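Undergrad: This is the structure I want to talk about, given as structure tokens.
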Amino acid sequence: MTHGSTHAHEAHRTSMGVDSRKMAFWAFIGSECLLFGSLIATYLVYKGRSLVGPYPHEILNIPFTSFSTFDLLMSSLAMVLALAAVQRGDMKRGKLWLLITALLGLVFLGGQFWEFSHFVHEGLGLTTNLFGSTFYVLTGTHGAHVTVGVIWLLTLWIQALRGKLGPGNALTVEITGLYWHFVDVVWIVIFTVVYLIQ
Amino acid sequence: MKRWLTTTDHKRIGLLYFWTAFGFFLIGGLEALIIRAQLVRPDGGLGVSAETFNQLFTMHGTTMVFLALMPLSAAFFNFIIPLQIGARDVAFPRLNAFSYWVFLLGGLFLNASFIAGPLFGADRLSVAPDAGWFGYANLTSRQFSPGPNVDFWLLGLQILGIASLAAGFNFVVTILNMRAPGMRMLRLPVFTWMTLVTQFLVITAFPVITVALVLLMFDRFFGTHFFLPSGGGDPILWQHLFWMFGHPEVYILILPAMGIVSEVLPTFSKKPLFGYTVVVYSGVVIAFLGWSVWSHHMFSTGLGPIADSVFAGTTMLIAIPTGVKIFNWIATLWGGQIRFTTSLLFAVGFIAMFIIGGLSGVTHASAPSDLQQTDTYYVVAHIHYVLFGGTILGLFAGIYYWWPKMTGRLLSESLGKVHFWLTLIGMNLAFFPMHFSGLLGMPRRIYTYSADLGVARFNQLSTVGAFLIGIATLIFFWNLLRTRWRPANAPANPWDGATLEWAIPSPPPVYNFTVIPTVTSRLPLWQTERHPPMTPLPDRPPAPIHVPGGSWWPMITAFGLPIIAIGALAHLIPIVLAGAGVVIVGIYRWAYEPFEM
Chain A
2 MTHGSTHAHE AHRTSMGVDS RKMAFWAFIG SECLLFGSLI ATYLVYKGRS LVGPYPHEIL
62 NIPFTSFSTF DLLMSSLAMV LALAAVQRGD MKRGKLWLLI TALLGLVFLG GQFWEFSHFV
122 HEGLGLTTNL FGSTFYVLTG THGAHVTVGV IWLLTLWIQA LRGKLGPGNA LTVEITGLYW
182 HFVDVVWIVI FTVVYLIQ
Chain B
23 MKRWLTTTDH KRIGLLYFWT AFGFFLIGGL EALIIRAQLV RPDGGLGVSA ETFNQLFTMH
83 GTTMVFLALM PLSAAFFNFI IPLQIGARDV AFPRLNAFSY WVFLLGGLFL NASFIAGPLF
143 GADRLSVAPD AGWFGYANLT SRQFSPGPNV DFWLLGLQIL GIASLAAGFN FVVTILNMRA
203 PGMRMLRLPV FTWMTLVTQF LVITAFPVIT VALVLLMFDR FFGTHFFLPS GGGDPILWQH
263 LFWMFGHPEV YILILPAMGI VSEVLPTFSK KPLFGYTVVV YSGVVIAFLG WSVWSHHMFS
323 TGLGPIADSV FAGTTMLIAI PTGVKIFNWI ATLWGGQIRF TTSLLFAVGF IAMFIIGGLS
383 GVTHASAPSD LQQTDTYYVV AHIHYVLFGG TILGLFAGIY YWWPKMTGRL LSESLGKVHF
443 WLTLIGMNLA FFPMHFSGLL GMPRRIYTYS ADLGVARFNQ LSTVGAFLIG IATLIFFWNL
503 LRTRWRPANA PANPWDGATL EWAIPSPPPV YNFTVIPTVT SRLPLWQTER HPPMTPLPDR
563 PPAPIHVPGG SWWPMITAFG LPIIAIGALA HLIPIVLAGA GVVIVGIYRW AYEPFEM
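Same order as they appear, the protein sequences are chains A and B. Each number in our numbering corresponds to the 1-based position in the first sequence with 1 added. Each number in our numbering corresponds to the 1-based position in the second sequence with 22 added.
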């Protein structure tokens with residue numbers, strides 16, 4: 002267990018010229034595509050096969066969810082600005098945009114919470130029919146991903162507040178951004194499949 | 023002890039994988055022997071109850087696939103891949119340790135079901151999974167499987183899936199990104215190539231079974247109807263999701279063995295692998311096609327003539343790249359200076375047995391013929407020719423080949439040859455008659471059969487063969503154990519191999535390479551037409567080498583997962599939350615721990 006001076010140089014050399022953490026994250030995102038793909042496929046297979054109501058067109062509130070979707074899209078924009086600020090070394094703006102990204106994520110989660118409780122109030126529970134089961138499992142899995150993202154963003158924000166996040170950690174912010182944008186893109190697909198194409 | 027618990031050294035993790043997986047292999051083998059003893063004669067030879075028999079064949083399949091074959095391959099991924107690509111470790115050493123601990127704990131969790139009965143108020147000791155290794159709906163529903171058996175299975179497999187996925191990301195990045203200078207993709211040893219392909223299959227196939235298991239979990243725990251016709255659900259969806267994972271899984275099991283054989287044959291014929299690029303691309307094509315054939319497991323569900331024809335066609339297509347590989351292996355042997363070591367015998371055995379398994383596979387590909395074979399012992403014969411005759415013989419070839427590298431000690435060649443011949447004879451005696459008992463109409467998964475079926479003699483032979491395999495495995499176990507008391511005096515390159523792992527001492531020092539080699543050819547240690555052998559590496563590192571220290575957090579984080587699963591089993595939310603807390607704390611401590619790479 003000896004420390005030498007050569008390792009720092011060696012550790013940053015990669016065969017593909019991409020940082021290993023970033024590459025691993027791309028692989029993870031590829032894997033997640035199959036996860037959401039399977040859930041979306043299940044939703045599509047069971048579309049229109051519920052034995053009892055409420056049915057999607059009776060209950061889905063497109064204007065409200067369009068607002069949530071817009072909110073999530075804007076959070077991706079905030080994420081881009083956060084990364085750009087951190088890369089510039091402008092930690093003041095970096096902190097601000099990280100916090101805004103997390104807050105926009107929280108707004109989305111709040112919207113989902115409101116939507117779920119509204120649906121339950123309208124009589125659509127997890128076990129009511131196939132629509133309820135597939136809807137809650139699919140959007141719930143997505144919501145869980147957003148929750149992880151918000152916790153991650155807030156962790157970075159707290160680190161930044163403590164002065165432990167700087168341009169040297171730009172890669173960490175970039176990877177967080179990859180995750181965040183991915184979760185956003187998945188939502189675009191879910192929004193289209195579940196809400197827009199009925 | 024602490025050094026093993028906190029290790030992040032890929033070589034130690036490889037050995038941990040090996041011994042753990044070998045332990046599970048013995049347990050799975052014991053289950054098989056009880057099954058065979060029960061079937062030795064009509065109406066049951068051992069008095070095993072139907073319930074116990076269901077548990078035995080379910081756990082035999084689940085154990086062999088997820089706890090023995092995959093992790094035995096993983097033992098070689100861990101130990102050999104960084105050496106073959108000229109790296110000091112994998113890309114993420116702590117993630118690697120995490121994979122191992124999750125695998126170990128997931129395996130223990132699954133097997134704990136054998137003695138967990140009293141905890142669930144069951145009237146028997148064992149509440150092991152009992153719905154078959156592919157757990158078809160709706161047998162797995164609460165209505166038909168009210169006990170905790172299926173819960174153990176679906177939770178255990180989710181835990182094991184996390185281990186495989188973590189390892190998958192790790193090895194994809196390691197192989198793509200940690201190669202020594204000059205180690206271009208088409209200079210990678212074929213074992214490394216097949217590992218890369220396998221890991222791509224892992225990271226794409228495991229999410230699908232995760233979704234299937236989560237949906238099943240919702241059905242059983244929360245009362246949804248994903249797979250239950252009573253609520254409009256479709257049991258066939260389970261089959262689609264399971265086999266969309268399950269067929270790539272078959273290639274996850276066989277491709278590493280194909281990689282091993284592609285290393286062993288050139289070394290012992292003293293010839294480069296015939297058609298290296300074609301062998302590599304065939305492996306890629308097999309994996310790619312492996313995604314398009316899942317419904318051939320489902321011909322009997324009545325998919326209709328168009329789907330049947332398409333899936334029959336894609337399945338038969340896979341025979342082409344597989345056949346290409348087999349001809350290339352034979353051509354590698356052709357005209358070579360062959361040394362009949364145990365490792366080579368197993369590799370040749372692999373080719374022969376895999377051809378038989380592959381041919382019976384092609385008979386399943388034809389839908390009309392498959393309808394006669396579905397759920398009979400003919401299918402059991404096929405799966406054992408490919409997974410025992412294929413994967414296990416390939417893994418044995420790898421163990422004899424790399425054991426000196428892994429431990430510094432050579433295995434006994436004479437015991438090895440006894441092991442080989444007993445295994446080969448035993449497996450053909452055990453599995454070949456199953457083709458006949460199956461075609462004569464013996465269904466799989468029955469705990470007794472009638473003498474009128476006319477399959478008693480075939481079953482007797484199968485049982486004798488199974489016990490021969492058992493004896494052979496004990497001899498092998500002894501061969502492994504006895505090396506522990508021998509001096510570690512294996513030479514660096516006992517077989518005159520050509521790849522980088524043979525350029526360093528056996529066993530390798532903790533930093534692997536004194537200096538990272540620069541690679542100029544596909545066979546760096548051999549004199550080839552265009553390239554001289556690599557200059558030997560210096561005995562001592564010219565500069566101090568940094569080796570990452572150990573960490574407790576991978577193991578602690580891993581412990582959170584079975585705690586969550588135990589909470590879910592017992593329907594105790596506080597325990598689930600406690601487990602989740604362990605995972606979260608573990609991840610944070612891990613992320614902020616100083617760990618120099």
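Ideal Cβ positions, reconstructed from N, Cα and C, are used throughout, including at glycine. Fair warning: this is a prediction, and the values are worked out from it, not measured in the lab.
So A:K165 is in the alpha helix (DSSP H); what residue range does that whole segment cover?
TA: Per DSSP, A:K165 belongs to no alpha helix (DSSP H) and is neither H nor E.
Undergrad: So does the segment 117-129 of chain B actually touch the segment 214-221 of chain B, counting three or more Cβ pairs closer than 8 Å?
TA: Segments in contact, no.
Undergrad: For A:R163, decide whether its Cβ has a neighbour in chain B, counting only Cβ atoms nearer than 7 Å.
TA: With 7 Å as the cut-off, A:R163 does not count as an interface residue toward chain B.
Undergrad: Would you give the residue range spanned by the alpha helix (DSSP H) that B:Q359 belongs to?
TA: B:Q359 -> no alpha helix (DSSP H), and no H or E assigned at all.
Undergrad: Write down the C-beta distance between B:T337 and B:H318 rounded to the nearest angstrom, noting that I regard them as a contact closer than 8 Å.
TA: Rounded, the Cβ-Cβ distance is 5 Å, consistent with contact.
Undergrad: From A:G169 to A:Q199, what distance separates their C-alpha atoms?
TA: Taking the straight line from one Cα to the other gives about 47 Å.
Undergrad: By the criterion of Cβ-Cβ separation under 7 Å, what are the contact partners of B:R34 in chain A?
TA: The premise fails here: B:R34 is roughly 14 Å from chain A at the closest Cβ pair, so nothing lies under 7 Å.
Undergrad: Using only alpha-carbon positions, find the residue among B:M428, B:R562, B:F333 and B:V370 that is nearest to B:N350.
TA: Comparing Cα positions, the closest option is B:V370.
Undergrad: Comparing C-alpha positions only, which one of A:T156, A:L139 and A:T70 sits nearest to A:H182?
TA: Cα-wise, what sits closest to A:H182 is A:T70.
Undergrad: Please name the residue in B:F267, B:L68 and B:S382 whose C-alpha comes closest to that of A:S32.
TA: Ranking B:F267, B:L68 and B:S382 by Cα distance to A:S32 puts B:F267 first.
Undergrad: Three-state secondary structure (DSSP) at A:H8?
TA: Low per-residue confidence applies at A:H8: pLDDT is 38, beneath 50, and the placement is therefore not dependable, though the value from the model is reported in the following sentence. It is helical.
Undergrad: Please list the segments of the alpha helix (DSSP H) lying wholly inside the segment 198-243 of chain B, counting only runs of 4 or more residues, in order along the chain.
TA: Complete alpha helix (DSSP H) runs here, min 4: 212-239.
Undergrad: Any beta carbon from chain B within less than 7 Å of A:T1's own beta carbon?
TA: No statement about residue 1 of chain A is possible, as the shown extent of chain A runs from 2 to 199 and does not include it.
Undergrad: Let me confirm a value: B:P203 is counted as buried when at least 16 other C-beta atoms fall within 10 Å, else exposed. Which label applies?
TA: Per the 10 Å Cβ criterion, exposed.
Undergrad: Given a cut-off of 7 Å on the beta-carbon distance, is the pair B:N192 and B:F114 in contact?
TA: Contact: yes.
Undergrad: Identify the contact partners of A:G31 in chain B, using a Cβ-Cβ distance below 8 Å as the criterion.
TA: Result: I225 and T226.
Undergrad: Could you list which residues in chain B have their beta carbon closer than 8 Å to that of A:S51, in chain order?
TA: Within 8 Å Cβ-Cβ: G254.
Undergrad: Is there at least one Cβ from chain A nearer than 7 Å to B:L132's Cβ?
TA: No, B:L132 lies away from the interface with chain A (no Cβ there is under 7 Å from its Cβ).
Undergrad: If you draw a straight line from the alpha carbon of A:K96 to that of A:L78, how long is it in whole angstroms?
TA: C-alpha separation (whole angstroms): 15 Å.
Undergrad: Mind checking which residues open and close the alpha helix (DSSP H) that includes B:E53?
TA: Looking at the DSSP string, the run of the alpha helix (DSSP H) that includes B:E53 is H32 to Q60.
Undergrad: Is it the case that the segment 409-422 of chain B contacts the segment 268-287 of chain B, given that we only count it when at least three CB pairs across the two stretches are under 8 Å?
TA: Flag = yes, the segment 268-287 of chain B and the segment 409-422 of chain B touch.
Undergrad: Is B:T84 helix, strand or coil when you go by DSSP?
TA: Here B:T84 sits in helix by DSSP.
Undergrad: Verify the CB distance criterion: does B:N199 have a CB-CB separation below 7 Å to chain A?
TA: Interface residue, yes.
Undergrad: Note down, in chain order, all residues in the segment 234-248 of chain B with a beta-carbon under 8 Å from any beta-carbon belonging to chain A.
TA: If the cut-off is 8 Å between Cβ atoms, the segment 234-248 of chain B has A234, V236, L237, F240, F244, G245, T246, H247 and F248 near chain A.
Undergrad: For the segment 33-47 of chain A, enumerate the residues whose C-beta is nearer than 9 Å to any C-beta of chain B, in chain order.
TA: Going along the segment 33-47 of chain A in chain order, one finds E33, C34, L35, L36, F37, G38, S39, L40, A42, T43, V46 and Y47 with a Cβ nearer than 9 Å to chain B.
Undergrad: Counting only beta-carbon separations shorter than 7 Å, does A:T157 have a partner in chain B?
TA: Residue identity check: residue 157 of chain A is Leu in the sequence provided, not Thr. It does not; no Cβ of chain B falls within 7 Å.
Undergrad: Looking at the C-beta of A:T193, does it have a partner C-beta in chain B at a distance below 7 Å?
TA: Not one chain B Cβ lies under 7 Å of A:T193.
Undergrad: Using 8 Å as the threshold, is the segment 27-47 of chain A in touch with the segment 247-265 of chain B, meaning 3 or more CB pairs across them?
TA: Flag = yes, the segment 27-47 of chain A and the segment 247-265 of chain B touch.
Undergrad: Looking at B:T30 and B:P563, is the spacing between their C-beta atoms short of 7 Å?
TA: Not closer than 7 Å, so no.
Undergrad: Could you have a look at B:T550 and say whether DSSP puts it in helix, strand or coil?
TA: DSSP places B:T550 in coil when its eight states are reduced to three.
Undergrad: Please confirm whether B:L417 and B:L94 have their CB atoms less than 7 Å apart.
TA: Yes; because the gap between Cβ atoms is below 7 Å, this pair is in contact.
Undergrad: Does the beta-carbon of B:Y614 have 16 or more other beta-carbons within 10 angstroms, so that it is buried, or is it exposed?
TA: With fewer than 16 Cβ atoms within 10 Å of its Cβ, B:Y614 is classed as exposed.
Undergrad: Taking Cβ positions only, does B:A113 come closer than 7 Å to chain A?
TA: True, the Cβ-Cβ gap to chain A drops below 7 Å.
Undergrad: Kindly list, in the order they appear in chain B, the residues whose Cβ is closer than 9 Å to that of A:V174.
TA: Near A:V174 there are no residues of chain B at all, since even the closest Cβ is about 14 Å away, more than 9 Å.
Undergrad: Please state whether DSSP places B:G601 in a helix, a strand or coil.
TA: Helix, per DSSP.
Undergrad: Under 7 Å Cβ-Cβ, which residues of chain A neighbour B:F191?
TA: Ordered by position in chain A, the residues that pass the 7 Å Cβ test against B:F191 are A25, A28 and F29.
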